[in-house]
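>
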């Protein structure tokens, strides 16, 4: 003969197939003030690494003939511009789910790195034109965000 204890309390009403699901584990996410520069820094590292790989690949004489001199002034200029463009991109797309956001800056910056390593303009020109382009982009994004928030208030 089998002895069993009767169920008492809240378990009494529960049927065997209706077990409550366990609560999901809370996931940790870095705060925005740390995540935004971190993503921009990661993009900067990737683009600088790709730029150096292009410089080394050009030394083989395949699609681009390397010019004499160090690539680091150009890679440094593009690293600064990539970091600022990454911060600008994060600001522009905050609150918007967009999968291809890094492609918006990745492809033009990689093309710029390739061209500047091929033709070696003055690094001051890279900074001047790059910062001017980023300033125009920031002004355009600011106007777009103002218009977007004004339309949301109506």
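Residue numbers (the numbering used here): 868 to 1021. Backbone N, C-alpha and C fix where the C-beta goes; we use that ideal spot for every residue, glycine too.
1. If you draw a straight line from the alpha carbon of residue 940 to that of residue 951, how long is it in whole angstroms?
2. Between which residues of its own chain and residue 983 is the CB-CB distance below 8 angstroms, once the five residues before and five after are set aside?
3. Is it the case that the CB of residue 979 approaches a heavy atom of the ligand MN more closely than 7 angstroms?
4. Look up residue 1021 in the DSSP assignment and say whether it is helix, strand or coil.
5. So, at 8 angstroms on beta carbons, what are the nonlocal neighbours of residue 938 in its own chain, with the 5 sequence-adjacent residues on each side left out?
6. For the putative contact between residue 955 and residue 899, defined by C-beta atoms under 8 angstroms, what is the C-beta separation to the nearest angstrom?
7. Note down, in chain order, each residue of its chain lying with its Cβ closer than 6 angstroms to the Cβ of residue 959, except the 5 sequence neighbours on either side.
8. For the segment 973-1002, which segments carrying the beta strand (DSSP E) assignment without a break, of at least 3 residues, lie completely within its bounds, in sequence order?
9. Could you tell me which of 891, 961, 889 and 888 sits nearest to residue 906, measuring between CA atoms?
Based on what the coordinates show:
1. Cα to Cα, the separation comes out at about 17 angstroms.
2. These residues qualify, in order along the chain: 941, 944, 945 and 993.
3. This structure simply doesn't include the ligand MN, nor any ligand for that matter.
4. Note: residue 1021 maps to coil in three-state DSSP.
5. Excluding the 5 residues flanking it on each side, residue 938 has same chain C-beta neighbours closer than 8 angstroms at 918, 919, 922 and 984, in chain order.
6. At roughly 15 angstroms, the Cβ-Cβ gap does not stay under 8 angstroms, so residue 955 and residue 899 are not in contact.
7. Cβ neighbours of residue 959 beyond the five flanking positions: 1008.
8. If we require 3 residues or more, the segment 973-1002 turns out to have no beta strand (DSSP E) run fully inside it.
9. Comparing Cα-Cα distances from residue 906 to each of 891, 961, 889 and 888, the minimum goes to 961.
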